[in-house]
Every structure is written in C-alpha cells, then in structure tokens.
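Asks:
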Amino acid sequence: MTGERDLIDELSRIFGLPPPQVVCGIGDDAAVIAGQGGEYLLWTVDALIEKVHFDLTYMPLRQLGRKALAVNLSDIAAMGGKPRYALLALGWPPERDLFGALELARGMQEVAQETGVTVIGGDTVSSPGSLSMSLTVLGQVKKEELLRRDGAQIGELIYLTGPVGLAAAGLETLRRGLTLTETERTLLLQAFFDPQPQILAARVLARNHLATALIDLSDGVASDLFQICRRSNVGAVVESTLIPVPAPVAEVAAQIGKDPLELALKGGEDYLLLFTSPPDREKALYLHFSEAGLGTPICIGKIVRGNRVWLRRPEATQDISGMGFDHFRLKEL
Numbered sequence: 001m002t003g004e005r006d007l008i009d010e011l012s013r014i015f016g017l018p019p020p021q022v023v024c025g026i027g028d029d030a031a032v033i034a035g036q037g038g039e040y041l042l043w044t045v046d047a048l049i050e051k052v053h054f055d056l057t058y059m060p061l062r063q064l065g066r067k068a069l070a071v072n073l074s075d076i077a078a079m080g081g082k083p084r085y086a087l088l089a090l091g092w093p094p095e096r097d098l099f100g101a102l103e104l105a106r107g108m109q110e111v112a113q114e115t116g117v118t119v120i121g122g123d124t125v126s127s128p129g130s131l132s133m134s135l136t137v138l139g140q141v142k143k144e145e146l147l148r149r150d151g152a153q154i155g156e157l158i159y160l161t162g163p164v165g166l167a168a169a170g171l172e173t174l175r176r177g178l179t180l181t182e183t184e185r186t187l188l189l190q191a192f193f194d195p196q197p198q199i200l201a202a203r204v205l206a207r208n209h210l211a212t213a214l215i216d217l218s219d220g221v222a223s224d225l226f227q228i229c230r231r232s233n234v235g236a237v238v239e240s241t242l243i244p245v246p247a248p249v250a251e252v253a254a255q256i257g258k259d260p261l262e263l264a265l266k267g268g269e270d271y272l273l274l275f276t277s278p279p280d281r282e283k284a285l286y287l288h289f290s291e292a293g294l295g296t297p298i299c300i301g302k303i304v305r306g307n308r309v310w311l312r313r314p315e316a317t318q319d320i321s322g323m324g325f326d327h328f329r330l331k332e333l
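Here you go:
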C-alpha cells in the first residue's frame with residue numbers, strides 16, 4: 001500500500017459488501033442508507049487532529065469550531081443533500097483551560113445556526129498532549145436527487161463553483177509570514193479559516209438534475225477529480241487556460257517560488273464543488289445558478305476515455321492524477 005486511497009480500498013475489502021439498504025458505502029463523500037417515503041439518509045464522519053488538520057498557534061478556537069463543522073457539512077452537500085444533525089466527539093487536553101472547549105463549541109454553533117443544523121450530542125474525553133475531534137453529520141436527500149462520484153460520462157464538461165487555491169495560499173501566508181496587501185491577506189485568511197459549505201449550489205444541482213457526478217474540494221482539484229474518474233471509469237482533460245487562479249494566489253506562488261497552477265490544483269481545503277454535466281445542460285446550469293443568486297460555474301475541462309487526469313498546457317500535457325494531499329504518503333506529490 002502506498003497511500004490513503006490504497007488503505008481505503010483494503011479496508012473496504014475487509015468490511016465486505018454492505019446490506020441492500022445501504023445504497024452507497026465506502027468510497028464517496030457520505031454513506032447513503034435507504035429511508036422511508038423516497039428519502040435517503042446521508043451519514044458522514046471526519047476526524048480533525050491538532051498539528052495534522054489545524055495549528056492553534058494561528059487558528060483561534062472559535063474559528064476552528066466554525067471550520068470543523070463547515071467541512072463536514074460540505075460532505076453532505078457533495079451528495080446533493082441537506083444537512084440536519086451533528087454529533088461531536090471531543091478529545092480535550094487536560095492541561096488546557098476547559099473554557100477553550102466552550103469557545104470551540106460557540107464557533108460550531110454559529111455555523112449550525114447559519115445552516116439550519118442542530119448539534120444533538122456526542123462524547124468528551126481527555127486527550128493528553130493534543131486536541132482532537134470527530135464530527136458525524138446526518139443529512140437527507142430525495143432518492144431521485146442523490147449525487148455521487150461515479151456518474152461522469154465521456155464527453156461531459158467539468159465545472160468548479162468558484163476560483164481555487166485561496167485556502168492553500170492562506171495557509172502559506174500564515175506559515176511563512178508573507179507580505180501582502182491588507183485586502184489580499186484578508187481574502188486568503190478568510191478562505192482558509194472560514195470555508196463556506198456549498199449547500200445551496202449542491203441543492204440547485206440536485207433539484208434540477210444538472211450534475212452527473214459531484215465531489216467537494218478537500219484535497220485539491222487534481223486529487224478530487226481523479227476520485228471522480230476512478231469511480232466513473234473515465235479520464236479527464238483539464239485546460240490550464242481555464243483554471244481560475246485569483247491574483248492573490250498568483251502573488252503567494254511568486255513569493256514562495258511555486259507555479260500558481262500547482263498551488264491552485266493541489267492545494268486543497270477550498271471546499272468548493274467540482275462536478276460534471278452534459279454539454280446540452282449548460283444553458284440550464286447557468287440559468288438556475290443565476291436565479292439562485294449564485295456565481296456562474298466555471299468550466300475547466302472535459303471527461304474523456306481512459307483512467308487518468310491530464311493537465312493540458314500550451315507547451316505540454318501533464319499527468320496530474322492523484323496529485324494533492326494524502327495522509328499516508330511521505331510527501332505530497
């Protein structure tokens with residue numbers, strides 16, 4: 001085994017096939033269980049570990065609480081669903097003031113109120129040395145509105161719901177103490193600290209049957225698009241000239257000596273939506289997003305035959321399959 005995806009594949013073999021009422025098990029953004037009255041239940045869980053997912057030297061606890069819940073809600077959105085309830089398992093270092101745990105909870109509650117979610121319980125334990133938490137979120141989606149990773153078809157277009165690389169550039173700004181304008185710094189840090197789960201955009205896609213495959217961007221465009229390709233048994237070509245790289249991302253890339261496209265495609269933690277859609281749905285896609293007050297989706301490429309993700313630049317074509325964050329690789333690709 002060479003990484004996180006291989007580990008997940010092996011775990012899937014160990015746990016075996018789920019019972020018939022499990023519509024979707026291991027391998028997507030959430031598990032899907034058949035409910036009643038044409039509704040499906042969506043379950044997702046995420047662990048967050050200090051020094052792996054966050055660093056309290058530059059992330060306030062209240063902001064951490066906001067982000068922790070938001071990124072879990074993003075998984076429900078990635079199935080086309082509506083998040084309803086959340087459970088929190090909190091491992092708190094005994095040497096730290098317990099009032100900090102309350103500040104963390106206040107941040108979560110802010111996002112819960114903003115999104116109509118209720119935190120209904122959980123568990124608290126001592127965690128010597130570092131803070132850890134695990135959030136479980138329950139959502140719902142109508143059977144006919146469920147979106148998964150495995151529906152992409154050859155010839156379909158690939159879209160993003162916004163520009164990428166802002167969160168990764170924000171993290172680099174914090175780590176390296178980069179010098180930016182106040183406007184640039186504010187934009188980047190907001191993207192990193194306070195991602196907004198794309199619940200409305202996902203519901204527009206699901207209700208109007210505008211997408212065939214959907215994933216949220218947690219590990220980066222290259223990595224997450226590869227997951228859609230793997231599950232759908234297709235390949236993809238991404239056009240470098242179509243990737244929306246904001247000016248502050250390009251500025252950060254210049255200061256740290258990186259290719260702006262690399263930061264945008266591999267950075268992760270944008271928590272936007274990446275989806276595929278048939279070309280003949282393009283007008284309807286733009287219309288429904290406009291009517292919902294959402295920004296215009298950005299087409300970045302096309303689904304093709306094969307099993308790899310290719311980045312087409314003016315000078316060359318590069319295989320970027322799976323590039324991005326992986327918990328169990330020794331270094332990022």
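Its first residue numbered 1, the sequence shown is counted upward by one per residue in UniProt numbering.
For glycine and all other residues, C-beta sits at the position ideal for the given N, C-alpha and C.
1. First and last residue of the beta strand (DSSP E) that includes Leu274?
2. Expressed to the nearest angstrom, what Euclidean distance is found between the alpha-carbon atoms of Leu217 and Gln198?
3. Please report the Cβ distance between Pro60 and Leu157, rounded to the nearest whole angstrom; I am assuming they are in contact, meaning their Cβ atoms lie under 8 Å.
4. Cutting at 6 Å between CB atoms, please list the residues of its own chain near Gly184, excluding the five before and the five after it.
5. Give the DSSP-derived three-state secondary structure of Leu42 in the structure shown.
6. Are there 16 or more other CB atoms within 10 angstroms of the CB of Lys331, so buried, or fewer, so exposed?
7. Would you identify the three-state DSSP class for Arg308, choosing helix, strand or coil?
8. Counting C-beta neighbours from all protein chains within 10 Å, is the total for Pro195 16 or more, i.e. buried, or is it exposed?
9. From Thr179 to Asp270, what does the alpha carbon distance come to, in whole angstroms?
10. Give the secondary structure of Glu156 by DSSP, where H, G and I count as helix, E and B as strand, and everything else as coil.
11. What whole-angstrom Cβ distance do Leu188 and Ala213 have, given they're in contact under 8 Å?
12. Asp28 and Arg149: beta carbons closer than 8 Å?
13. Do the region 225-236 and the region 101-108 touch if we need at least three Cβ pairs shorter than 8 Å?
14. My output table needs one value for Leu87: the three-state DSSP class, helix, strand or coil.
15. Closest by CA to Val125, which one among His209, Lys143, Gly91, Ala292?
16. Can you tell me whether Met108 is helix, strand or coil according to DSSP?
17. At the level of alpha carbons, what is the spacing between Thr136 and Gly116?
18. Going by beta-carbon coordinates alone, are Ser277 and Leu265 separated by less than 8 Å?
19. Could you give the first and the last residue of the continuous alpha helix (DSSP H) run that contains Ala201?
20. Using a Cβ-Cβ cutoff of less than 6 Å, which residues in the same chain neighbour Phe193 once the five nearest sequence positions on both sides are dropped?
21. Near Arg329, which residues of its chain fall below 6 Å by C-beta distance, leaving aside the five closest residues on each side in sequence?
22. Give me the residue from Val245, Arg305, Pro314 with the minimum Cα distance to Gly165.
23. When you compare only the Cα positions, how much space is there between Glu291 and Leu147?
24. To the nearest whole angstrom, what separates the beta carbons of Leu261 and Ile243, a pair I think is in contact under 8 Å?
Replies: Looking at the atomic coordinates:
1. Taking the first residue of the sequence shown as position 1, residue 274 is located at position 274. Taken as a continuous stretch (DSSP letters only), the beta strand (DSSP E) holding Leu274 covers 273-277.
2. The sequence position of residue 217 within the sequence shown is 217, counting from 1. The sequence position of residue 198 within the sequence shown is 198, counting from 1. Answer to the nearest angstrom: the Cα atoms are 10 Å apart.
3. Sequence index remark: in the sequence shown, residue 60 carries index 60 (1-based). Sequence index remark: in the sequence shown, residue 157 carries index 157 (1-based). Between the beta-carbon of Pro60 and that of Leu157 there is about 40 Å, and that puts the pair past the 8 Å contact cut.
4. On the sequence shown, position 184 is the one that residue 184 refers to. The identity of residue 184 in the sequence shown is Glu, whereas the question assumes Gly. Result list for Glu184: Pro248, in chain order.
5. Position 42 of the sequence shown, counted from the start, is the residue given in the question as residue 42. Strand.
6. For the purposes of this step, residue 331 is taken as the residue at position 331 of the sequence shown. Only weak support is given to the placement of Lys331: the predicted model assigns it a pLDDT of 44, under 50, and the value that follows is read from those uncertain coordinates. Lys331 counts as exposed, since fewer than 16 other C-beta atoms from the protein chains shown sit within 10 angstroms of its C-beta.
7. Counting from one through the sequence shown, the residue named residue 308 turns up at place 308. It is coil, neither helix nor strand.
8. In the sequence shown, residue 195 corresponds to position 195, counting from 1. Around the beta carbon of Pro195, a 10 Å sphere encloses 16 or more other beta carbons of the protein chains shown; the residue is thus reported as buried.
9. Along the sequence shown, one-based indexing puts residue 179 at 179. Along the sequence shown, one-based indexing puts residue 270 at 270. Spanning the two alpha carbons is a distance of roughly 22 Å.
10. The residue given as residue 156 occupies position 156 in the sequence shown. In the structure shown, Glu156 sits in coil (DSSP, three-state: anything other than H, G, I, E or B).
11. To locate residue 188, count along the sequence shown from 1; it is residue 188. To locate residue 213, count along the sequence shown from 1; it is residue 213. At roughly 29 Å, the Cβ-Cβ gap does not stay under 8 Å, so Leu188 and Ala213 are not in contact.
12. Sequence index remark: in the sequence shown, residue 28 carries index 28 (1-based). Sequence index remark: in the sequence shown, residue 149 carries index 149 (1-based). Going by beta carbons, Asp28 and Arg149 fall inside the 8 Å limit.
13. Touching, no, given that fewer than three Cβ pairs across the two stretches are closer than 8 Å.
14. To locate residue 87, count along the sequence shown from 1; it is residue 87. Under the three-state reduction of DSSP output, Leu87 falls in the strand class.
15. Looking up residue 125 in the sequence shown gives position 125. For Val125, the closest alpha carbon among the candidates His209, Lys143, Gly91, Ala292 is that of Gly91.
16. Looking up residue 108 in the sequence shown gives position 108. Reduced to three states, the DSSP call for Met108 is helix.
17. Taking the sequence shown and counting its residues from 1, one reaches residue 136 at position 136. Taking the sequence shown and counting its residues from 1, one reaches residue 116 at position 116. Here the alpha carbons of Gly116 and Thr136 stand approximately 16 Å from one another.
18. Translated into positions along the sequence shown, residue 277 becomes position 277. Translated into positions along the sequence shown, residue 265 becomes position 265. Taking 8 Å as the cut-off, the Cβ atoms of Ser277 and Leu265 do not count as close.
19. One-based indexing of the sequence shown puts residue 201 at position 201. Unbroken alpha helix (DSSP H) run through Ala201: 199-207.
20. Translated into positions along the sequence shown, residue 193 becomes position 193. Only Gln63 meet the Cβ criterion.
21. The count along the sequence shown starts at 1 and reaches residue 329 at position 329. With a pLDDT of 47 at Arg329, under the threshold of 50, the modelled position of this residue cannot be trusted, and the question is left open.
22. On the sequence shown, position 165 is the one that residue 165 refers to. Closest by C-alpha distance to Gly165, out of Val245, Arg305, Pro314, is Val245.
23. Counting from 1 along the sequence shown, the entry for residue 291 is found at position 291. Counting from 1 along the sequence shown, the entry for residue 147 is found at position 147. Rounded to the nearest angstrom, the two C-alpha atoms are 21 Å apart.
24. For the purposes of this step, residue 261 is taken as residue 261 along the sequence shown, with counting starting at 1. For the purposes of this step, residue 243 is taken as residue 243 along the sequence shown, with counting starting at 1. Correct: roughly 6 Å between the Cβ atoms.
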